[in-house]
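The numbers in this note's numbering rise by one with no breaks, and the one at position 391 of the sequence shown is 391.
We put the beta carbon where it would ideally sit given N, CA and C, even for glycine.
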Amino acid sequence: MVLKQRRGKKAPAANALAKAAAPTDKSKESNNIDGVDAEKKDHFNPVIIVALFYTLACGLLFFYYNKYGPSMFLGKGWKDYKWSPYKWRQFIDDNERTILIIGGPHRSGTTVVWEGIKTHPDIVGFGSRFDTGVDYSEGVLMQDVYPRFGVGYEFTNFDKSDAKQSSRSTREDGIGRYALVEDVHWTAENKKDLELQDPTSLSRLLNRFGPHWDQNKKFGKNGLMKAKVWVEKSPQNAVLATFLEGLYNMPVNEDGTVDLDNAKKPKRSATKFIYVTRHPIANIYGTDKFVRDAMGGNINFEILLKNYIALHKYMKMDEKVLESPVMWVQLEDFTSDPSKVLTQVFQFLNVSSDEADVQQVLGNMPDISAKPNDKYFKIWCEEGIAKNGHLIQKYAEELNALDLGYDLNIC
1 MVLKQRRGKK APAANALAKA AAPTDKSKES NNIDGVDAEK KDHFNPVIIV
51 ALFYTLACGL LFFYYNKYGP SMFLGKGWKD YKWSPYKWRQ FIDDNERTIL
101 IIGGPHRSGT TVVWEGIKTH PDIVGFGSRF DTGVDYSEGV LMQDVYPRFG
151 VGYEFTNFDK SDAKQSSRST REDGIGRYAL VEDVHWTAEN KKDLELQDPT
201 SLSRLLNRFG PHWDQNKKFG KNGLMKAKVW VEKSPQNAVL ATFLEGLYNM
251 PVNEDGTVDL DNAKKPKRSA TKFIYVTRHP IANIYGTDKF VRDAMGGNIN
301 FEILLKNYIA LHKYMKMDEK VLESPVMWVQ LEDFTSDPSK VLTQVFQFLN
351 VSSDEADVQQ VLGNMPDISA KPNDKYFKIW CEEGIAKNGH LIQKYAEELN
401 ALDLGYDLNI C
């Protein structure tokens, strides 16, 4: 006999299996959510990551563009002129232009003195960092004719500890020590057979500097003609003076050749030099602070002291053989009485030194700290002399021989 199940009802076993197989409302909801999340994950748009990356990149580029201007993208030579060496020689001589070269130790005041000088209505200097594309608008960082002696490349090479030597390789040049490197002193004599025999050395340098003197906010256009004095400031000029004198006064013939052995002495030198200096203890502390704060590095006090002495020895050595006029400016004199020093500088440059012009210059300058050394002297007297006083004594004879007029007993 065959038993028949009533229509519409399931057998118990089949019913249990059906219940087990059928999802509950909660499980349906859960499965639905998981399915949506999985779908979202599977279809995550990578454009978001790309957009974030490009936003960050554009932000960084915009930041550095605001600091270094078009040179950030176009290179330092994007404004270069294409004048020939003879055209530059002729223009400078025919118009009796003077090229003022400022040098001295880093943190000695070269920048503040340069800012005052270039503000004179008859003098032109380079513009801001945005205009030149280099920090402090220093010419040595803009050109490729002579070395920068490691300045600007120190960031990853400083000894990070207070030890004299690091376990890793470090540069021996750069701020605070480049004067101690062998062959750092470029002169008209030791570069006579190479750079100073090549007329393109003159044109390469002036074609790079020229546009920054010629086209600027002060003169608009034609600054080379309007300004009587063109000024270039780089601390490293302290070891380049006679070389730069030879370069800017290079006797280029009309056919573009240079014959230093048979060249006639020029009627006038196209160059003048200003050496800026500062009390050795203040200068060392100022350099140390800059290296630590701006570069995250460290240089031994004795190295900084030896570098200071070496720089001034080169400056004094060059002063004796330069045929161009030379003037020394002490930062302490400039900050305590800028009107007096600027008057002397303008007289040295044969431009107007009337009180009205000097006051106009000072009115256009940032505020000048009257005693920039006091904070460093305080540190020296409170703690520095105990740690490094013996080094000042050790090098006292060499410091005094520089004849800078500084008293080493400041406490």
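If the criterion is Cβ atoms closer than 9 Å, does the pair Trp83 and Gly210 meet it?
As a position in the sequence shown, residue 83 is number 83, starting the count at 1. As a position in the sequence shown, residue 210 is number 210, starting the count at 1. Yes, they are a contact pair.
Please classify Thr55 as buried or exposed, where buried requires at least 16 other C-beta atoms within 10 Å of its C-beta.
Your numbering for residue 55 matches position 55 in the sequence shown. Under this definition Thr55 is an exposed residue.
Could you check the C-alpha separation between Pro338 and Leu362 for me, to the nearest Å?
Translated into positions along the sequence shown, residue 338 becomes position 338. Translated into positions along the sequence shown, residue 362 becomes position 362. Their backbone Cα atoms lie some 8 Å apart in a straight line.
Could you name the residues of the same chain whose beta carbon sits closer than 7 Å to that of Ala263, not counting the 5 residues immediately before and after it, in chain order?
Taking the first residue of the sequence shown as position 1, residue 263 is located at position 263. Excluding residues up to 5 positions away in sequence, Pro251 lie with their Cβ nearer than 7 Å to the Cβ of Ala263 in the same chain.
So, under 8 Å CB-CB, Val113 and Ile102 are touching, yes? Tell me the CB distance rounded to an integer number of Å.
Locating residue 113 in the sequence shown gives position 113, counting from the first residue. Locating residue 102 in the sequence shown gives position 102, counting from the first residue. Separation of the CB atoms of Val113 and Ile102 is rounded to 7 Å, and the pair is thereby assigned contact status at 8 Å.
Between Ala310 and Ala179, which are expected to be in contact by the criterion C-beta below 8 Å, what is the C-beta distance as a whole number of angstroms?
In the sequence shown, residue 310 corresponds to position 310, counting from 1. In the sequence shown, residue 179 corresponds to position 179, counting from 1. About 4 Å separates the CB atoms of Ala310 and Ala179; that is less than 8 Å, so the two are in contact.
The alpha helix (DSSP H) with Val113 in it runs from where to where?
As a position in the sequence shown, residue 113 is number 113, starting the count at 1. 110-118 is the extent of the alpha helix (DSSP H) around Val113.
Exposed or buried, which one is Asp318 when buried takes at least 16 other CB atoms within 10 Å?
For this step, residue 318 is matched to residue 318 along the sequence shown. That one is buried.
When you compare the CB positions of Asn307 and Arg107, do they come within less than 9 Å of one another, or not?
Taking the sequence shown and counting its residues from 1, one reaches residue 307 at position 307. Taking the sequence shown and counting its residues from 1, one reaches residue 107 at position 107. No; because the gap between Cβ atoms is not below 9 Å, this pair is not in contact.
If distances are taken between C-alpha atoms only, which option among Leu342, Ala241, Val134 comes closest to Trp186?
As a position in the sequence shown, residue 186 is number 186, starting the count at 1. For the residues Leu342, Ala241, Val134, the minimum Cα distance to Trp186 belongs to Ala241.
CB-CB under 7 Å to Ser414, same chain, minus the five flanking residues each way: which ones, in chain order?
Outside the displayed span of the chain (1 to 411) sits residue 414, for which this structure offers no information.
Jot down the residue ranges of each uninterrupted alpha helix (DSSP H) in the stretch 371-409, minimum 4 residues, whole runs only, in chain order.
Counting whole runs of 4 or more residues, the stretch 371-409 contains the alpha helix (DSSP H) stretches 374-379, 385-394, 396-401.
What's the call for His312, buried or exposed, on a 16-neighbour Cβ count within 10 Å?
Position 312 of the sequence shown holds residue 312. Buried, since its Cβ has 16 or more Cβ neighbours within 10 Å.
Judging by CA-CA distance, which residue of Gly174, Asp94, Lys340 is the nearest neighbour of Asp357?
The count along the sequence shown starts at 1 and reaches residue 357 at position 357. Its Cα nearest to that of Asp357, the residue Lys340 stands out among Gly174, Asp94, Lys340.
With a threshold of 9 Å between beta-carbons, can Ile102 be considered close to chain B, or not?
In the structure shown, chain B does not exist; there is a single protein chain.
Take Ile150 and list the residues in its own chain whose beta-carbon comes closer than 7 Å to its own, dropping the five residues that flank it on each side.
The sequence position of residue 150 within the sequence shown is 150, counting from 1. One point to set straight first is that residue 150 is Gly, not Ile, in the sequence displayed. Excluding sequence neighbours, Gly150 sits near Arg171, Asp173, Gly174, Tyr178.
Closest by C-alpha distance to Pro325, when choosing among Glu115, Thr132, Asn350, Phe301
Against the sequence shown, residue 325 aligns to sequence position 325. Distance check between Pro325 and each of Glu115, Thr132, Asn350, Phe301 places Asn350 closest, using alpha-carbon atoms only.
Segment limits, beta strand (DSSP E) that includes Val413:
Here the chain covers residues 1 to 411 and nothing more, so residue 413 does not appear.
For Asp122, tell me which candidate among Ile49, Gln347, Glu382 has the shortest Cα-Cα distance.
Within the sequence shown, the letter at position 122 stands for residue 122. The option with the nearest alpha carbon to Asp122 is Gln347.
So, are the CB atoms of Thr98 and Gly104 less than 9 Å apart?
Position 98 of the sequence shown, counted from the start, is the residue given in the question as residue 98. Position 104 of the sequence shown, counted from the start, is the residue given in the question as residue 104. In terms of Cβ geometry, Thr98 and Gly104 do not form a close pair [threshold 9 Å].
Stretch-stretch touch, CB-based, cutoff 8 Å, three pairs: the stretch 130-145 with the stretch 379-394
Contact between the stretch 130-145 and the stretch 379-394 is absent, with fewer than three C-beta pairs closer than 8 Å.
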